[in-house]
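Novice: Got a structure here, written out as structure tokens. Questions coming.
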Amino acid sequence: MFLLVTSCFLPDSGSSVKVSLFIFGTKRDPTKKKNEKRRATRVTFSFSLFISFPQTHCVKRLLFYHLQAYSIFFRFEMVSFKVSLVSTSPIDGQKPGTSGLRKKVKVFKQPNYLENFVQATFNALTTEKVKGATLVVSGDGRYYSEQAIQIIVKMAAANGVRRVWVGQNSLLSTPAVSAIIRERVGADGSKATGAFILTASHNPGGPTEDFGIKYNMENGGPAPESITDKIYENTKTIKEYPIAEDLPRVDISTIGITSFEGPEGKFDVEVFDSADDYVKLMKSIFDFESIKKLLSYPKFTFCYDALHGVAGAYAHRIFVEELGAPESSLLNCVPKEDFGGGHPDPNLTYAKELVARMGLSKTDDAGGEPPEFGAAADGDADRNMILGKRFFVTPSDSVAIIAANAVGAIPYFSSGLKGVARSMPTSAALDVVAKNLGLKFFEVPTGWKFFGNLMDAGMCSVCGEESFGTGSDHIREKDGIWAVLAWLSILAHKNKETLDGNAKLVTVEDIVRQHWATYGRHYYTRYDYENVDATAAKELMGLLVKLQSSLPEVNKIIKGIHPEVANVASADEFEYKDPVDGSVSKHQGIRYLFEDGSRLVFRLSGTGSEGATIRLYIEQYEKDASKIGRDSQDALGPLVDVALKLSKMQEFTGRSSPTVIT
Numbered sequence: 005m006f007l008l009v010t011s012c013f014l015p016d017s018g019s020s021v022k023v024s025l026f027i028f029g030t031k032r033d034p035t036k037k038k039n040e041k042r043r044a045t046r047v048t049f050s051f052s053l054f055i056s057f058p059q060t061h062c063v064k065r066l067l068f069y070h071l072q073a074y075s076i077f078f079r080f081e082m083v084s085f086k087v088s089l090v091s092t093s094p095i096d097g098q099k100p101g102t103s104g105l106r107k108k109v110k111v112f113k114q115p116n117y118l119e120n121f122v123q124a125t126f127n128a129l130t131t132e133k134v135k136g137a138t139l140v141v142s143g144d145g146r147y148y149s150e151q152a153i154q155i156i157v158k159m160a161a162a163n164g165v166r167r168v169w170v171g172q173n174s175l176l177s178t179p180a181v182s183a184i185i186r187e188r189v190g191a192d193g194s195k196a197t198g199a200f201i202l203t204a205s206h207n208p209g210g211p212t213e214d215f216g217i218k219y220n221m222e223n224g225g226p227a228p229e230s231i232t233d234k235i236y237e238n239t240k241t242i243k244e245y246p247i248a249e250d251l252p253r254v255d256i257s258t259i260g261i262t263s264f265e266g267p268e269g270k271f272d273v274e275v276f277d278s279a280d281d282y283v284k285l286m287k288s289i290f291d292f293e294s295i296k297k298l299l300s301y302p303k304f305t306f307c308y309d310a311l312h313g314v315a316g317a318y319a320h321r322i323f324v325e326e327l328g329a330p331e332s333s334l335l336n337c338v339p340k341e342d343f344g345g346g347h348p349d350p351n352l353t354y355a356k357e358l359v360a361r362m363g364l365s366k367t368d369d370a371g372g373e374p375p376e377f378g379a380a381a382d383g384d385a386d387r388n389m390i391l392g393k394r395f396f397v398t399p400s401d402s403v404a405i406i407a408a409n410a411v412g413a414i415p416y417f418s419s420g421l422k423g424v425a426r427s428m429p430t431s432a433a434l435d436v437v438a439k440n441l442g443l444k445f446f447e448v449p450t451g452w453k454f455f456g457n458l459m460d461a462g463m464c465s466v467c468g469e470e471s472f473g474t475g476s477d478h479i480r481e482k483d484g485i486w487a488v489l490a491w492l493s494i495l496a497h498k499n500k501e502t503l504d505g506n507a508k509l510v511t512v513e514d515i516v517r518q519h520w521a522t523y524g525r526h527y528y529t530r531y532d533y534e535n536v537d538a539t540a541a542k543e544l545m546g547l548l549v550k551l552q553s554s555l556p557e558v559n560k561i562i563k564g565i566h567p568e569v570a571n572v573a574s575a576d577e578f579e580y581k582d583p584v585d586g587s588v589s590k591h592q593g594i595r596y597l598f599e600d601g602s603r604l605v606f607r608l609s610g611t612g613s614e615g616a617t618i619r620l621y622i623e624q625y626e627k628d629a630s631k632i633g634r635d636s637q638d639a640l641g642p643l644v645d646v647a648l649k650l651s652k653m654q655e656f657t658g659r660s661s662p663t664v665i666t
């Protein structure tokens, strides 16, 4: 086999370019049998080619890019590898949550821990999704990602995978991975059949923090329960896994293709630009020119905080290079493996710098006039927080407002919406929009995979969840940057006359308040109790289930706490039957539904790496236009008090207040 590597060097001055060609070969020992594996023997030939050209910057630059393109295309190494089987045994606790497996880094570093889960995943897939297939392997760049990629590449090679696509420097946002699975076509016509995404999403990163891995299917969405259940069962019975231990480390910092020869044939690892495919998709969905016009308007100011997550790999390209925003509008947009020591969760508690800049901090004063629009992303860029000047947009309101304005403001939806959907704990703001616009509406359990079936069946266009996730059927994941572009599109649409100099700027707050005036307001808050003792959390949920059997007793308790609170009309554990495949998901959260439309929802989260997280959701609907301007916490005060006392939250958790209030 032969390797052709082209490298080019452009002098700072002068009139020539040097092109070096190196040819490597492999050689089999003639004393060995024909089918016995061979090691690479490299023989190097080199020569130089000097090309003269006029000493002008533009010609030099053009030639440099031309040669650089060939350098990328021809970079590969044909090195042989052998496959060995490693004995292992099951490791407890490898049950995937709503978005994969998340544990502390020290857990993933245990012998065979990552390998067991990866092989359990390969074993859960059909043969055609592995043998000869193309897989994407990348993530949010958190600590341990580079090492994990090298392990997965070696296991993919050993399992007969044909090629692996890796984002440069291991960086691909979760929505970008989904887009790449669905849209990217390799030079040889190949398409990805799935992906290992290395992320713990909004959880912290670093040597003592969290790591995570999940598998996405050929539709670009998270593996459904039918697959994650198989993965878990496989982790409990695994005895061995194949690995190409002698496969050299792949340089994932340099764009190009590295090729190897294995027992089942050629195996390629292609490193590619992290942003190209995703940017192309966004430009096909939104009117970038109208957004660019908005961002260039002197009275409109903009701020985006990537919280040192993978969104930083896209923010400069999209907001600065494509849309013309000043670089000063970007905060924390350099991806870091520990997220700069912060918690990459885009909410009012953890996005402190952005919150202060937007004039929403109770303690910090950023100084100066806040921007008109602000947004933040989580570690893997699938979540988003939307802010106006001194104004917070709840995620539940955000998805409802996007749905209400999508057809007029976003070209992708110009022919109409197929339907809308929300997760069960999300407020009913989207329900009201769907009813008013005559749209199909679906309520699903928490977990983006439940939206995927609806989208694949052509039943849903826009969807969202209260945990800062918003998206559409352009991919099969929630998409933080998509949500920001959707809001900028709505602002551009609402300000058409303003941008021509004929009217006052319509702000984020104006849009939200007009939405409330039209559809009513859903006062909403979420209390998170993180790292609670798991036994105590289960006992609390058990009490709430037990109380549901006697609603008269529940209403008696409530009247003793706050007489003005309405009676509970019904209570249950949310259960979902998928309208597409008929699958049933049980025990998806405990609901107390009140006669006036208010709700209390209690749920144990599956996204933490240790302990348990209790999430409490409180919602109250208000149609009276004279009462929609109250502070959310004030309006919900009585219901919050009822929820905490009814559940005996402090007694079970030992906490006098939640970790996070949203």
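Positions in the sequence shown are counted from 1; adding 4 to them yields the numbering used here. For each residue, glycine too, the CB sits at the ideal point set by N, CA and C.
Hey, would you say residue 218 sits closer than 8 Å to residue 100, going by beta carbons?
Specialist: On the sequence shown, position 214 is the one that residue 218 refers to. On the sequence shown, position 96 is the one that residue 100 refers to. Yes. Within cutoff.
Novice: Please state whether DSSP places residue 481 in a helix, a strand or coil.
Specialist: What you label residue 481 is simply residue 477 of the sequence shown in a count that begins at 1. Three-state result, residue 481: coil.
Novice: If contacts are defined as beta-carbon pairs under 8 Å, then residue 327 and residue 183 qualify, I think. What distance do you get, rounded to the angstrom?
Specialist: Against the sequence shown, residue 327 aligns to sequence position 323. Against the sequence shown, residue 183 aligns to sequence position 179. Their Cβ separation, rounded to whole angstroms, is 19 Å, which puts residue 327 and residue 183 out of contact at 8 Å.
Novice: Between the Cα of residue 4 and the Cα atoms of 364, 300, 340 and 350, which residue gives the shortest distance?
Specialist: Nothing in the structure corresponds to residue 4, since the chain is present only between 5 and 666.
Novice: Find the nearest neighbour of residue 139 within the set 521, 206 and 223, judged by alpha-carbon distance.
Specialist: Here the question's residue 139 lines up with position 135 in the sequence shown. Comparing Cα positions, the closest option is 223.
Novice: What does the alpha-carbon distance come out to for the pair residue 39 and residue 159?
Specialist: Here residue 39 corresponds to residue number 35 of the sequence shown, with the count starting at 1. Here residue 159 corresponds to residue number 155 of the sequence shown, with the count starting at 1. A caution first: residue 39 carries a pLDDT of 39, below 50, which makes its placement in the model unreliable, though a value can still be read off. Going from the Cα of residue 39 to the Cα of residue 159 covers about 22 Å.
Novice: Can you tell me where the alpha helix (DSSP H) holding residue 358 begins and where it ends?
Specialist: Locating residue 358 in the sequence shown gives position 354, counting from the first residue. Per DSSP, residue 358 belongs to the alpha helix (DSSP H) from 356–361.
Novice: With DSSP collapsed to three states, give me the class of residue 325.
Specialist: Taking the first residue of the sequence shown as 1, we reach residue 325 at position 321. Three-state result, residue 325: helix.
Novice: Can you list, in chain order, the stretches of the beta strand (DSSP E) that have 3 or more residues and sit fully within the segment 200–269?
Specialist: Correct list: 214–220, 244–247 and 260–266.
Novice: Under the rule that 16 or more other beta-carbon atoms within 10 Å means buried, what is residue 591, buried or exposed?
Specialist: For this step, residue 591 is matched to residue 587 along the sequence shown. It is exposed - the Cβ of residue 591 has fewer than 16 other Cβ atoms within 10 Å.
Novice: Express the C-alpha separation of residue 201 and residue 148 in angstroms, rounding to a whole number.
Specialist: For the purposes of this step, residue 148 is taken as the residue at position 144 of the sequence shown. For the purposes of this step, residue 201 is taken as the residue at position 197 of the sequence shown. Residue 148 and residue 201: Cα-Cα distance of roughly 13 Å.
Novice: Report the option in 631, 621 and 632 whose CA atom is closest to the CA atom of residue 644.
Specialist: Along the sequence shown, one-based indexing puts residue 644 at 640. Of the candidates 631, 621 and 632, the one whose C-alpha sits nearest the C-alpha of residue 644 is 621.
Novice: When you compare only the Cα positions, how much space is there between residue 307 and residue 335?
Specialist: If you number the sequence shown from 1, residue 307 lands on position 303. If you number the sequence shown from 1, residue 335 lands on position 331. Between residue 307 and residue 335, the C-alpha separation is close to 7 Å.
Novice: Give the single residue among 570, 585 and 594 whose Cα lies nearest to the Cα of residue 579.
Specialist: Here residue 579 corresponds to residue number 575 of the sequence shown, with the count starting at 1. Among 570, 585 and 594, the Cα nearest to that of residue 579 is on 594.
Novice: Could you have a look at residue 126 and say whether DSSP puts it in helix, strand or coil?
Specialist: As a position in the sequence shown, residue 126 is number 122, starting the count at 1. Here residue 126 sits in helix by DSSP.
Novice: State the DSSP-derived secondary structure class of residue 379, mapped to helix, strand or coil.
Specialist: One-based indexing of the sequence shown puts residue 379 at position 375. The answer is strand: DSSP assigns residue 379 an E or B state.
Novice: Please tell me whether residue 392 and residue 501 are closer than 8 Å, where the distance is taken between their beta carbons.
Specialist: By one-based count along the sequence shown, residue 392 stands at place 388. By one-based count along the sequence shown, residue 501 stands at place 497. Cβ distance not < 8 Å, so residue 392 and residue 501 don't count as in contact.
Novice: At what residues does the beta strand (DSSP E) containing residue 414 begin and finish?
Specialist: Counting from one through the sequence shown, the residue named residue 414 turns up at place 410. First-last for residue 414: undefined, no H or E at that position.
Novice: For the candidate residues 94, 408 and 666, whose alpha-carbon lies nearest to that of residue 437?
Specialist: On the sequence shown, position 433 is the one that residue 437 refers to. Checked all of 94, 408 and 666; the closest Cα to residue 437 is 408.
Novice: If contacts are defined as beta-carbon pairs under 8 Å, then residue 214 and residue 108 qualify, I think. What distance do you get, rounded to the angstrom?
Specialist: Position 210 of the sequence shown, counting from 1, holds the residue named residue 214. Position 104 of the sequence shown, counting from 1, holds the residue named residue 108. Rounded, the Cβ-Cβ distance is 6 Å, consistent with contact.
Novice: Tell me the rounded alpha-carbon separation between residue 29 and residue 167.
Specialist: One-based indexing of the sequence shown puts residue 29 at position 25. One-based indexing of the sequence shown puts residue 167 at position 163. Confidence at residue 29 is low in this model, with a pLDDT of 42, below 50, so the placement of that residue should be treated as unreliable; the coordinate-derived value is given next. So the alpha carbons of these two residues sit roughly 21 Å apart.
Novice: With a threshold of 8 Å, are at least 3 pairs of Cβ atoms found where one atom belongs to the segment 542–557 and the other to the segment 650–658?
Specialist: Yes, since at least three Cβ pairs between the segment 542–557 and the segment 650–658 fall closer than 8 Å, the two stretches touch.
Novice: When you measure from the CB of residue 177 to every non-hydrogen atom of the ligand ADP, does any distance come out below 7 Å?
Specialist: The model on display carries no ligand, and the ligand ADP is accordingly not part of it.
Novice: If I measure Cβ to Cβ from residue 240 and keep anything under 7 Å in the same chain, skipping five residues before and after, which residues do I get?
Specialist: Position 236 of the sequence shown, counted from the first residue, corresponds to residue 240. Taken in chain order, the residues that qualify are 94.
Novice: Near residue 175, which residues of its chain fall below 7 Å by C-beta distance, leaving aside the five closest residues on each side in sequence?
Specialist: Locating residue 175 in the sequence shown gives position 171, counting from the first residue. So the list reads 142, 145, 278, 314, 317 and 339, once near-sequence residues are dropped.
Novice: Quick check for students: name the residue ranges of the beta strand (DSSP E) that lie wholly in the segment 156–204, counting only runs of 3 or more.
Specialist: Entirely contained in the segment 156–204, the beta strand (DSSP E) runs reaching 3 residues are, in chain order, 167–171 and 198–202.
Novice: Does the distance from the C-beta atom of residue 364 to that of residue 380 stay below 8 Å?
Specialist: Within the sequence shown, residue 364 is the residue found at index 360, counting from 1. Within the sequence shown, residue 380 is the residue found at index 376, counting from 1. Not a contact, by the Cβ cut-off of 8 Å.
Novice: How would you write the range of the beta strand (DSSP E) that residue 508 sits in, first residue to last?
Specialist: Sequence index remark: in the sequence shown, residue 508 carries index 504 (1-based). Looking at the DSSP string, residue 508 is not in any beta strand (DSSP E), and its letter there is neither H nor E.
Novice: Roughly how many angstroms separate the alpha carbons of residue 323 and residue 556, rounded to a whole number?
Specialist: The residue you call residue 323 lines up with position 319 of the sequence shown. The residue you call residue 556 lines up with position 552 of the sequence shown. The alpha-carbon atoms of residue 323 and residue 556 are separated by roughly 55 Å.
Novice: Just grab the DSSP bridge partners of residue 88 for me.
Specialist: The count along the sequence shown starts at 1 and reaches residue 88 at position 84. Partner(s): 247.
Novice: Per DSSP, which one or two residues make a beta bridge with residue 388?
Specialist: Taking the first residue of the sequence shown as position 1, residue 388 is located at position 384. Bridge partners of residue 388: 381.
Novice: According to the Cβ coordinates, are residue 507 and residue 414 closer than 8 Å?
Specialist: Sequence index remark: in the sequence shown, residue 507 carries index 503 (1-based). Sequence index remark: in the sequence shown, residue 414 carries index 410 (1-based). Contact: no.
Novice: With burial defined as no fewer than 16 other Cβ atoms inside 10 Å of the residue's Cβ, what is the status of residue 295: buried or exposed?
Specialist: Here residue 295 is taken as the residue at index 291 of the sequence shown, counted from 1. So residue 295 counts as buried.
Novice: Do you know how far the Cα of residue 127 is from the Cα of residue 549?
Specialist: Stepping through the sequence shown from its first residue, residue 549 is reached at position 545. Stepping through the sequence shown from its first residue, residue 127 is reached at position 123. In a straight line, the C-alpha of residue 549 is about 37 Å away from that of residue 127.
Novice: In whole angstroms, what separates the C-alpha of residue 157 from that of residue 663?
Specialist: Here the question's residue 157 lines up with position 153 in the sequence shown. Here the question's residue 663 lines up with position 659 in the sequence shown. Spanning the two alpha carbons is a distance of roughly 38 Å.
Novice: Which word fits residue 383, buried or exposed, when buried means at least 16 other C-beta atoms lie within 10 angstroms of its C-beta?
Specialist: Start at 1 with the first residue of the sequence shown, and residue 383 comes out as number 379. With 16 or more Cβ atoms within 10 Å of its Cβ, residue 383 is classed as buried.
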